[in-house]
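Asker: I'd like to ask you about the structure that follows.
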Amino acid sequence: MPTPLPSNIKPKLAIVTRDEDGISLQDFLSARLKTTKRAAKAMIDARVVWVNRKLVWIARHLLKPGDKVAFVIQHSTGAHQNKTLDKRPHIRVVWQDDWFLAVDKPAGVLTQGKDSAEDILRVQEHNPDIAAVHRLDRETSGVILFAKNAEALEAAIAMFKTRRVIKYYSAITIGGVERLNSTLTETLDGERAVTHLKRLKSTAEASFLSLRIETGRTHQIRRHLAGIRHPIIGDRQYGMKRSDDPRIQSVTRQMLHSTELELPHPMILGTHIKAHAPLPADFRAALKLFGLGKR
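Structure representation (structure tokens):
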């Protein structure tokens, strides 16, 4: 079923010509917008490009004549369009001291790698030694801890291995979760995995959950929730591949947010690091969309 655009979005539309047969989506956007391939890839990663009304997030997706490509360029006009697309986001620091900083990572930004939160913070904070202590998926927003030097990084990684780190997440899932509290213990990749679930609000169509994880397996929360048939709304890997609900189709990223992080300070005995990241605007909008309101 086609994926309708959210009603508050006014996309631009371009139709693929015969001369453009077989062109990749990234190259098509780059050529039509007269911008860099990097900027075109950023648009696709931001989940603001549709082909024939279906959301596409693969840059190398091949187009054919007659395909209708809809896209949104946010906060950009005229000659400033290309500059805006290439502009790196600001990463908001929610807590810091001489050793560490905790930030609120936006969705759509990698933790590490090219143009990642780590890269942005090194420039933003004028410190080339900043390094991520742990990771969040690209599409997961929220609080994440970075070390300011190698000594702090080593100590923090050791602390994370002790299971003394408390991590809370918020999620919006498909379907009504029946139990108020439960613990998911399905083994992942042959390793023990534990996720504690608390239902905050629920309807027949969707649920607003608070989750605490004891272990940090790859995509643990997403896989655990998919395993009980309540996948995260917007999760294109483990979630529903198709849905007749236009609200689900309109969500352009997985509704998973790292809300809170707490751990004993790795460098200062007897003290704790505690950081909180409020729910972002798109998450709050999704709660409203599904009638789940505020916590």
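Heads up: the sequence shown begins at 11 in our numbering, then just goes up one per residue.
A virtual CB, placed ideally from N, CA and C, is assigned to each residue, including glycine.
Bear in mind the structure is a predicted one, so any value in this text is a computation, not a measurement.
(1) Can the beta-carbon of H267 be found closer than 8 angstroms to that of T150?
(2) Out of E224, P138, V204, A142, which one is the CA nearest neighbour of A112?
(3) Among residues of its own chain, excluding the 5 on either side of G76, which ones have a beta-carbon nearer than 6 angstroms to its beta-carbon?
(4) Go through the region 159 to 231 residue by residue and report every complete run of the beta strand (DSSP E) that reaches 3 residues or more, in order.
(5) Between I231 and the rest of its own chain, which residues show a CB-CB distance below 7 angstroms, the 5 nearest in sequence each way excluded?
(6) Using beta-carbon positions only, say whether R209 and L219 come within less than 8 angstroms of one another.
(7) Using beta-carbon positions only, say whether K74 and D29 come within less than 8 angstroms of one another.
(8) Rounding to the nearest angstrom, what Cα-Cα distance links A287 and W105 in this structure?
(9) Within 8 angstroms of any Cβ in chain B, is that where the Cβ of L289 sits?
(10) Compare the beta carbon distance of G303 and K211 with 8 angstroms and say whether it is the shorter of the two.
(11) Does the beta-carbon of L23 have 16 or more other beta-carbons within 10 angstroms, so that it is buried, or is it exposed?
(12) Strictly by DSSP, which residues pair up with I154?
(13) My output table needs one value for G88: the three-state DSSP class, helix, strand or coil.
(14) Going by CA-CA distance only, name the one from A162, D199, A166, D254 that's closest to I184.
(15) Within this structure, are the beta carbons of S34 and L72 separated by less than 8 angstroms?
(16) Using a threshold of 8 angstroms, state whether the C-beta atoms of M250 and I258 are closer than that.
(17) Got a sec? Which residues, its chain only, sit under 6 angstroms from R148 by beta carbon, not counting five neighbours each side?
(18) Tell me whether R70 sits in a helix, a strand or coil according to DSSP, three-state version.
(19) In or out: G200 buried (at least 16 other Cβ within 10 Å) or exposed?
(20) With C-beta atoms as the reference, is H144 less than 8 angstroms away from L131?
(21) Which residues does DSSP pair with K64 in a beta bridge?
(22) Thinking C-alpha only, which one of T197, R63, N159, N62 is nearest D108?
(23) In the DSSP output, what is P274 paired with across the bridge?
(24) Taking the alpha-carbon positions, what's the E188 to I242 distance?
(25) Cβ of S21 within 8 angstroms of Cβ of V82?
(26) Would you give the residue range spanned by the alpha helix (DSSP H) that F81 belongs to?
(27) Which residues in the same chain have their Cβ closer than 6 angstroms to the Cβ of D292, if we skip the five residues on either side of it in sequence?
(28) To the nearest angstrom, how far is it from the Cα of T87 to the Cα of E128?
(29) To the nearest angstrom, how far is the alpha carbon of F170 from that of F110?
Answerer: Short version:
(1) In the sequence shown, counting from the first residue as 1, residue 267 sits at position 257. In the sequence shown, counting from the first residue as 1, residue 150 sits at position 140. Result yes, Cβ atoms of H267 and T150 sit closer than 8 angstroms.
(2) Within the sequence shown, numbered from 1, the residue matching residue 112 stands at position 102. Comparing Cα-Cα distances from A112 to each of E224, P138, V204, A142, the minimum goes to A142.
(3) As a first step, residue 76 is located in the sequence shown; it is residue number 66 there, counting from the start. Same-chain partners within the cutoff: there are none.
(4) 176 to 184, 191 to 194, 205 to 212, 216 to 223
(5) Against the sequence shown, residue 231 aligns to sequence position 221. Cβ neighbours of I231 beyond the five flanking positions: Y179, A181, T205, L221, I223, L266.
(6) Residue numbering aside, residue 209 sits at position 199 when the sequence shown is read from its first letter. Residue numbering aside, residue 219 sits at position 209 when the sequence shown is read from its first letter. Yes, Cβ-Cβ distance for R209 and L219 is below 8 angstroms.
(7) What you label residue 74 is simply residue 64 of the sequence shown in a count that begins at 1. What you label residue 29 is simply residue 19 of the sequence shown in a count that begins at 1. Contact: no.
(8) Taking the sequence shown and counting its residues from 1, one reaches residue 287 at position 277. Taking the sequence shown and counting its residues from 1, one reaches residue 105 at position 95. So the alpha carbons of these two residues sit roughly 10 angstroms apart.
(9) The structure shown has no chain B; it contains just one protein chain.
(10) Along the sequence shown, one-based indexing puts residue 303 at 293. Along the sequence shown, one-based indexing puts residue 211 at 201. In this structure, K211 lies closer than 8 angstroms to G303 by Cβ.
(11) Locating residue 23 in the sequence shown gives position 13, where the first residue counts as 1. With fewer than 16 other Cβ atoms within 10 Å, it is exposed.
(12) Here residue 154 refers to the residue found at position 144 of the sequence shown. In the DSSP output, where bridge partners are listed per residue, I154 has V113.
(13) Here residue 88 refers to the residue found at position 78 when the sequence shown is read from its first residue. In this prediction, G88 scores a pLDDT of 39, lower than 50, which makes its location untrustworthy; no coordinate-derived value is stated.
(14) Within the sequence shown, residue 184 is the residue found at index 174, counting from 1. Selected option, being the one with the closest Cα: D254.
(15) By one-based count along the sequence shown, residue 34 stands at place 24. By one-based count along the sequence shown, residue 72 stands at place 62. Cβ atoms of S34 and L72: closer than 8 angstroms.
(16) Sequence index remark: in the sequence shown, residue 250 carries index 240 (1-based). Sequence index remark: in the sequence shown, residue 258 carries index 248 (1-based). Yes. Within cutoff.
(17) Reading the sequence shown from its first residue, position 138 is the one you call residue 148. If the five residues before and after R148 are omitted, its C-beta is found closer than 6 angstroms to the C-beta atoms of L120, all from its own chain and listed in chain order.
(18) The residue you call residue 70 lines up with position 60 of the sequence shown. Three-state result, R70: coil.
(19) Taking the sequence shown and counting its residues from 1, the one referred to as residue 200 is at position 190. Within a 10 Å sphere around the beta-carbon of G200 sit fewer than 16 other beta-carbons, which makes this residue exposed.
(20) If you number the sequence shown from 1, residue 144 lands on position 134. If you number the sequence shown from 1, residue 131 lands on position 121. It is not a contact, given that the beta carbons lie outside the stated cut-off.
(21) For the purposes of this step, residue 64 is identified with residue 54 of the sequence shown, where counting begins at 1. DSSP lists V61 as partners of K64.
(22) As a first step, residue 108 is located in the sequence shown; it is residue number 98 there, counting from the start. Out of T197, R63, N159, N62, N159 has the C-alpha closest to the C-alpha of D108.
(23) Sequence index remark: in the sequence shown, residue 274 carries index 264 (1-based). DSSP, once it has assigned bridges, lists H282 as partnering P274.
(24) Here residue 188 is taken as the residue at index 178 of the sequence shown, counted from 1. Here residue 242 is taken as the residue at index 232 of the sequence shown, counted from 1. Going from the Cα of E188 to the Cα of I242 covers about 16 angstroms.
(25) In the sequence shown, counting from the first residue as 1, residue 21 sits at position 11. In the sequence shown, counting from the first residue as 1, residue 82 sits at position 72. Position check: residue 21 holds Pro in this sequence, whereas Ser was assumed. Yes; because the gap between Cβ atoms is below 8 angstroms, this pair is in contact.
(26) Here residue 81 refers to the residue found at position 71 of the sequence shown. Not the alpha helix (DSSP H): F81 falls in the beta strand (DSSP E), residues 78 to 81.
(27) Counting from 1 along the sequence shown, the entry for residue 292 is found at position 282. Here the set comprises nothing.
(28) Counting from 1 along the sequence shown, the entry for residue 87 is found at position 77. Counting from 1 along the sequence shown, the entry for residue 128 is found at position 118. Residue placement at T87 is poorly supported in this model, since its pLDDT is 36, which falls under 50; the coordinates still yield a value, given next. About 29 angstroms.
(29) Numbered from 1 along the sequence shown, position 160 holds the residue referred to as residue 170. Numbered from 1 along the sequence shown, position 100 holds the residue referred to as residue 110. Distance between F170 and F110, taken at the CA atoms: about 14 angstroms.
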